[in-house]
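Participant: Below is a structure I'd like to ask you about.
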Amino acid sequence: MQRDYSPFTPGIPVPVEFFVGRQAEITHLRDKIIRASKGQLQIAFLSGERGIGKSSLASFVRHLVERENQILGLHTFLGGVTTLTEMVRRVFDRLLKDSLDKTWHERVKDFFGDHIREVGLFGVSLEFDAGPSELTRMVHDFAPALRSLSKRLHDKKKGLLIILDDINGLATSEDFANWLKSLVDEIATSSALLPLCLVLVGLEERRQSLIKLQPSLARVFDLISIEPWSNEETREFYLNSFSKVGITVEDDALELLIRYTGGLPAMAHEIGDAVFKKIWTDCLDRVSTFMGISDAVSIIGRKYVEPQVFRFIRSERYRSILRKVVESTNTEKLIFQRQELLSLLSQSEKGVFGNFIRKMKEMGVITDVPEMGRGCYRFCNRLYFSYFRLEADAEKKRHVAEK
Ligand SMILES: Nc1ncnc2c1ncn2[C@@H]1O[C@H](COP(=O)(O)OP(=O)(O)OP(=O)(O)O)[C@@H](O)[C@H]1O
Ligand SMILES: [Mg+2]
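The working numbering puts the first residue of the sequence shown at -13, with every later residue one more than the last.
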């Protein structure tokens, strides 16, 4: 039994061998990339809630097409990037770094010419180096630059996959929206082929924001939206991960894990990791699972819940309302109704309920659902809801234990 390392990787895109589910999305994306490699530009937008597995899916597909379809994949994280020049710099820097151990490294070096500098202690790494005016030119000449790269690598790589991940800073930039539109138009009207698949990754709000800035983008993006795991996928995830380290999972422990994960891969890794630390035999039972889940509550609270929300729900009265809200929420749609809830609240809770709802809306935790009439609310974020549910249950258990 190899139990000296945890098979869970909270907070980072999942290693390929632990990846679970998403068959339909993988096939869809892979087909697009293959189509792109035949010279037909493809653009996808991978959208979904925080922690649902967008980056992991992008990374998995990238590895797959690199290995099986002779594609060059560049996965660039653009968190905090707000300018096109920095975006282009990062894409090219990724290309340079990813090529370091490849047989075609020299050709990539040629492509960059003298825009390379040695960095790090003893110059062990290379960095793409270009001044502001050159970067501006590269933003404009992005398509021709990629065409030239693709020609240089034509006997090694059939197409390019560029993943622009975490585009939050760029999604509100008019420059970025216009640049994307021009890039698409330029590639579509040029007679020279460019085997490119561009994948943007971000929250659904980011896609909406880009479309608002440049409405024609609506028909450019092929939307791939990532939904929570089914119970079956969650089950497979836990069984697969635990079995990698020689641990079997009892049925009732597995049911608990599935319930609290709520289909969110980010939760699955946090819970899995906390539970893993509580295991001392090669079989996971209900008791260790409970103990691990209870540790996971505080870890998740600290890591994922914004401090102002965290402080707000420290108040005993609000907490008790929140527990009742969680109880009456539809776990699939994340919706609850004021009317239904009021019957669960005490007199004093009713007195502060208006305030509670107003604050929760202000903090972006819940939102109105106008299409369902007045007094209907939805949690904006599944992670928050799952955390509140974990908290509520942990609290209930504490009460029972104290009695
Ligand atoms: N298909 C999967 N199989 C196993 N684990 C996964 C899968 N998808 C995601 N995960 C895990 O879930 C967590 C969140 O995944 P990831 O970072 O890919 O989500 P994201 O949607 O990109 O999140 P964010 O919106 O914060 O960027 C990570 O710990 C990752 O390892
Ligand atoms: Mg991500």
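Using N, Cα and C, we set each Cβ at its ideal position, and we do this for glycine too.
Please work out which residues of its chain come closer than 8 Å, Cβ to Cβ, to residue 319, disregarding the five sequence neighbours upstream and downstream, and give them in chain order.
Facilitator: For this step, residue 319 is matched to residue 333 along the sequence shown. Here the set comprises 364.
Participant: Say whether the stretch 34 to 48 touches the stretch 118 to 133, bearing in mind that this needs 3 or more beta-carbon pairs closer than 8 Å, one atom from each stretch.
Facilitator: Not touching, per the Cβ criterion.
Participant: Do residue 112 and residue 81 have their C-beta atoms within less than 7 Å of each other?
Facilitator: Counting from 1 along the sequence shown, the entry for residue 112 is found at position 126. Counting from 1 along the sequence shown, the entry for residue 81 is found at position 95. No, the pair does not count as a contact, with Cβ atoms beyond the cut-off.
Participant: Could you check which residue in 311, 324, 383 and 367 has the C-alpha nearest to that of residue 358?
Facilitator: Position 372 of the sequence shown, counting from 1, holds the residue named residue 358. Of 311, 324, 383 and 367, the residue nearest in Cα terms is 324.
Participant: Hey, residue 180 and residue 138 are a contact pair by Cβ (cut 8 Å); roughly how many whole angstroms apart?
Facilitator: Against the sequence shown, residue 180 aligns to sequence position 194. Against the sequence shown, residue 138 aligns to sequence position 152. That pair is no contact at about 13 Å.
Participant: Can you name the start and end residues of the beta strand (DSSP E) that residue 178 belongs to?
Facilitator: The count along the sequence shown starts at 1 and reaches residue 178 at position 192. Where residue 178 is concerned, there is no enclosing beta strand (DSSP E), given that its DSSP letter is neither H nor E.
Participant: Alpha carbon to alpha carbon, how far is residue 290 from residue 372? Give it in angstroms, no decimals.
Facilitator: Here the question's residue 372 lines up with position 386 in the sequence shown. Here the question's residue 290 lines up with position 304 in the sequence shown. So the two alpha carbons sit approximately 11 Å from each other.
Participant: Going by alpha carbons, who is nearest to residue 121 out of 70, 223, 272 and 0?
Facilitator: Sequence index remark: in the sequence shown, residue 121 carries index 135 (1-based). Of 70, 223, 272 and 0, the residue nearest in Cα terms is 70.
Participant: When DSSP labels each residue in this structure, what does residue 28 get in the three-state scheme?
Facilitator: Here residue 28 refers to the residue found at position 42 when the sequence shown is read from its first residue. Residue 28: strand per DSSP, three-state reduction.
Participant: Tell me the residue span of the alpha helix (DSSP H) that contains residue 219.
Facilitator: To locate residue 219, count along the sequence shown from 1; it is residue 233. Element bounds for residue 219: 217 to 230.
Participant: Does the Cβ of residue -13 have 16 or more other Cβ atoms within 10 Å, making it buried, or fewer, making it exposed?
Facilitator: Here residue -13 refers to the residue found at position 1 when the sequence shown is read from its first residue. Unreliable placement is indicated for residue -13, whose pLDDT of 46 sits below 50; no coordinate value is reported for it.
Participant: Can residue 249 and residue 215 be called in contact, C-beta distance under 7 Å?
Facilitator: What you label residue 249 is simply residue 263 of the sequence shown in a count that begins at 1. What you label residue 215 is simply residue 229 of the sequence shown in a count that begins at 1. Yes. Within cutoff.
Participant: Would you say the beta carbon of residue 306 is closer than 6 Å to some non-hydrogen atom of ligand 2?
Facilitator: Sequence index remark: in the sequence shown, residue 306 carries index 320 (1-based). The answer is no for residue 306.
Participant: Is residue 41 near ligand 2, in the sense that its beta carbon is under 6 Å from a heavy atom of that ligand?
Facilitator: Indexing the sequence shown from 1 puts residue 41 at position 55. Indeed, a heavy atom of ligand 2 lies less than 6 Å from the Cβ.
Participant: Grab the span of the alpha helix (DSSP H) containing residue 155 for me, first residue to last.
Facilitator: If you number the sequence shown from 1, residue 155 lands on position 169. It spans 154 to 157 - the alpha helix (DSSP H) in which residue 155 sits, taken as one unbroken run.
Participant: With DSSP collapsed to three states, give me the class of residue 164.
Facilitator: Residue numbering aside, residue 164 sits at position 178 when the sequence shown is read from its first letter. Three-state DSSP puts residue 164 in a helix.
Participant: Could you check whether the stretch 44 to 57 touches the stretch 13 to 24, counting it as contact only if at least three pairs of C-beta atoms, one from each stretch, sit closer than 8 Å?
Facilitator: Touching, yes, given that three or more Cβ pairs across the two stretches are closer than 8 Å.
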